[in-house]
Amino acid sequence: MKKHYLVTGGAGFIGSNYVHRLLRRGERVTIYDNLSRTKRNIEWLQAEFGEKAFDLAVGDVRDAVRITEAASGADVIAHLAGQVAVTTSVVNPRDDFESNALGTFNVLEAARASGRNPIVIYASTNKVYGGMEEVELFEEPTRWRYKDLVNGCPETQPLDFHSPYGCSKGAGDQYVRDYHRIYGMNTVVMRQSCLASSQEVITPFGKKKIYEIQPGDLIHSGWGWTRVKHIWETGVKPVRRLTTMQGHTLTLTTNHQVVRPHGLYSNRDFAYGDFLATLPEALYAPSWERVEQQVLTENEYLEKVRSRTTDRRCLNEAQKISESIIPLTGDTLLAVAEVVGWLFGDGHLGIHHRQSREAPAYNVQFFGSKSELEEIKKQMNWLGIPVSAVISSYSESELPSGHIVKGNSARIQQQTLPIFTLFEMLGVPVGDKVRVGYSLPDWIASGHHLVKRAFLRGFFGAELGKVQTDSYLAPSFAQSKDVNFLDNGREWVRKLRDLLYEFGIETSYFEGKPETYKKGETVQMTVRLLGGKAMFPRLAEIGYAFSPQRSSRLNELLYWLGTNTTPEFFEPAIQLRKADGHLIWDSLQSFENLGEQKVYDLEVEDPAHLFLAGGVQVSNCIYGPRQFGIEDQGWVAWFIIAAVMGRDITIYGDGKQVRDILHVDDLLDAYDLVVEKIDVAKGQVYNLGGGPANVMSIWAEFGPRLEKLLGEKIEVARGDWRPGDQKVFYADISKAKRELGWEPKIGVAEGVDRLFEWVKTNKSLFSK
């Protein structure tokens, strides 16, 4: 059910980003703001969603009557308005008190008067902890550090305000907590640290229309698969179609941002020949269809597990698996088919009988490179099936030729009966695949064509070699079989070849001579894909699951084939076109206005907020926008803006003061979790910051990084320490992680670098 949100300070940095998120979700929003700073964020929101997309109440939180009127129908109040600077509080402490302490009191009274008991989220500050002089510090060459508070400052740290700003925010902090204790109101305190600020979409299982996407779906970011958090309809708007030289098409509004070599740009001013980041294999991906096929029933699966064990823990795990994914159908079935394909290629199911225990051990193992195994882990997590971390070990093995292979190997595994039983029932062979008989499971051989494709994607990721760009030589895969099981192996290979033929891929087959290997004679069976250059688009229709290196090379070759150029020029030329991840820079060929259409947008978990639409990398929102900070509030943004715009920077103290940095998107994730888990959060105080993993000294460490980004030395002025300044502050965020399941996803380096690029790209916003 949609909620009515009142956001005080909704025209500010955090507020406008929160409103943007809420409107994307289709929530009803009222912005309450005195517009004392700028109307730019209001204009931005109106341009994005329309003037009637939200209600704007121009008013001040010091006006008790006005805020009471605005709050009368709210389900959630995010109180973000107030005076935000320590220096201003020192110069004008009365104004600071009235804005922060009195303003917060008025908001709480307005919420109480509404009779609705709305959720009230109060944005407090780490300044309520004061200087923390009793906490012992030690000095390092580029930073100060806590001696004993390894995880940072906890919520239980005594308050010691140190400045009028700390006093006014601390008073509000206490009011918010006591209104819960006395009146039972749903209030939560967030002590925040510094903040840095008709289209098809590519999924692993085919191209979906954007309106077919559901929250939780996997889609391609350009670097890998990312999960969709939200999708929403934004109305009917004018759109146009962009077409690249290679044939990628993208239908979008003119203000939607698209990735170009130097950052994100609105496509409004694009011109012929402009580079866009594209994924060539997206041209060949099949259209997604809803797979109605069902595999396994709950009774079949649970009866099989019960026949093997009475262990309560195993039975509970099997019940969870059954409830979450069985019967296998839809995208879940396709995801499992990819995993099964890898297990047929480079996996192992084993039963080990141990002398020390009556019950045997059941093991499911995946082998591959670390990057491949991390991709498999993501998919298993998406399915809700736990696996181990990547395990690396040194090993030596003898090939059938007699050669000894030495080196590090990697695997992930799960040693539980329920997971073993799941894959066994899906037809994955048990034991040494060289010396057991098996066949292509019927649910794949006679299944939906997308199920067959998913199985081949997984098998190719494990077994099929990389494409050869210097010769266009088709890749091959090889499997060995004990001579006693050779007929079975030939039948297995025949069925694989028949499956490939269904996708338009012809193959050749040959056998090596029998070789003695460990327990007996084996024969290597090799299958090579045929068809020359014409074969590669057919291969792209299937692709390589879980194998970033093979996928990247295939995308390079697909782009190269579109240029109709000979192989010897491949390597030097492709370097000019190679973008990040699997992406290639393609050139814009044309654009066409299409009139008005229904428009959708979505939000993804990818920290860069990027996804592929029509094979072109676009953004679902502006990265770190709308912070037009002042020098003593939002120091990360201010220093970057000042450096880019050539403005003066003043460093107070020694520049080795340490702060944790939190990206606005991570902060807003916490707000959403508070609303979702209000029964847990009400009456609580939570530190929200980057935590000990995301800290940086404000100039001794941040300055050199900024100079490197800017490409020149930055001259700064120096000033004395100011009232309320702290040498070290970073928050202990373990309570928010424990109770809300929240933690930051965007690291310091990534956040700073991307914010710098955004400011540099949008300099016009800061010249007003």
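Numbering (this note's numbering), first residue to last: 37 to 804. The beta-carbon is built from N, C-alpha and C at its ideal position, and this holds for glycine as well.
By the Cβ neighbour-count rule, Y430 is exposed, with fewer than 16 other Cβ atoms within 10 Å of its own. Counting every other CB atom within 10 Å of its CB across the protein chains shown gives K163 a total of 16 or more, marking it as buried. Contact annotation, A146 with I78: C-beta distance approximately 22 Å; criterion of less than 8 Å not satisfied. Every unbroken stretch of the alpha helix (DSSP H) spanning 4 or more residues and falling wholly within the region 112-171 is given here in chain order: 122-127, 129-133, 139-149. Between the beta-carbon of T558 and that of K517 there is about 6 Å, and that keeps the pair under the 8 Å contact cut. With the rule of 3 Cβ pairs closer than 8 Å, the region 351-361 counts as touching the region 416-423. Per DSSP, the continuous alpha helix (DSSP H) segment holding R60 begins and ends at 49-61. Burial state of R326 is exposed, judged by a 10 Å Cβ sphere holding fewer than 16 other Cβ atoms.
In the DSSP assignment, W621 falls within the unbroken beta strand (DSSP E) covering 620-640. Judged by DSSP in its simplified three-state form, L185 adopts coil rather than helix or strand. Exposure of Q585 is indicated by the presence of fewer than 16 other C-beta atoms within 10 angstroms of its C-beta. A direct Cα-Cα distance of roughly 6 Å separates E641 from K265. In the structure shown, the three-state DSSP call for F306 is coil. Here the alpha carbon of G45 sits roughly 41 Å from the alpha carbon of H618. Under the DSSP definition of a beta bridge, T44 partners with Y68, H115.
Under the three-pair Cβ rule at 8 Å, the region 464-478 does not count as touching the region 302-315. Note on geometry: alpha-carbon atoms of K781 and W735 lie some 24 Å from one another. Shown here for V400: same chain residues with a beta carbon closer than 7 Å to its own, the five before and five after excluded, namely L385, Q449, Q450, I455, F456, F459 in chain order. Separation of Y211 and A767 (C-alpha to C-alpha, rounded to the nearest whole angstrom) is 22 Å.
Beta-bridge pairing by DSSP links T223 to V156. Per DSSP, E748 lies in no beta strand (DSSP E) and is assigned neither H nor E. D622 places its beta carbon less than 8 Å from that of Q282.
Under the three-state reduction of DSSP output, W794 falls in the helix class.
With contacts defined by Cβ atoms closer than 8 Å, Q762 and M168 form a contacting pair.
Taking a cut-off of 8 Å for Cβ pairs, the region 184-204 and the region 134-153 touch, as three or more such pairs fall below it. Looking only at H216, H284, L195, the smallest Cα-Cα distance to Y595 is reached by H284. By the C-beta criterion, the region 725-733 is judged to be in contact with the region 690-700, since at least 3 inter-stretch pairs fall below 8 Å. When the Cα atoms are used, Y636 and K773 turn out to be separated by approximately 32 Å. Taking a contact to require three or more Cβ pairs closer than 8 Å, the region 123-132 and the region 148-160 do not qualify as touching. When C-alpha distances from W324 are compared across D310, L338, N629, D367, the shortest belongs to D367. Distance from the CA of W528 to the CA of L565, rounded to the nearest whole angstrom, comes to 16 Å. If you draw a straight line from the Cα of I246 to the Cα of D96, it is about 41 Å long. Going by DSSP, K718 is part of no alpha helix (DSSP H) at all; its letter is neither H nor E. In the structure shown, the three-state DSSP call for S343 is coil. Contact annotation: L409 and A371 have beta-carbon atoms that are not nearer than 8 Å. Counting C-beta pairs with one atom in each stretch, the region 487-505 and the region 564-579 have three or more that are closer than 8 Å, which means they touch.
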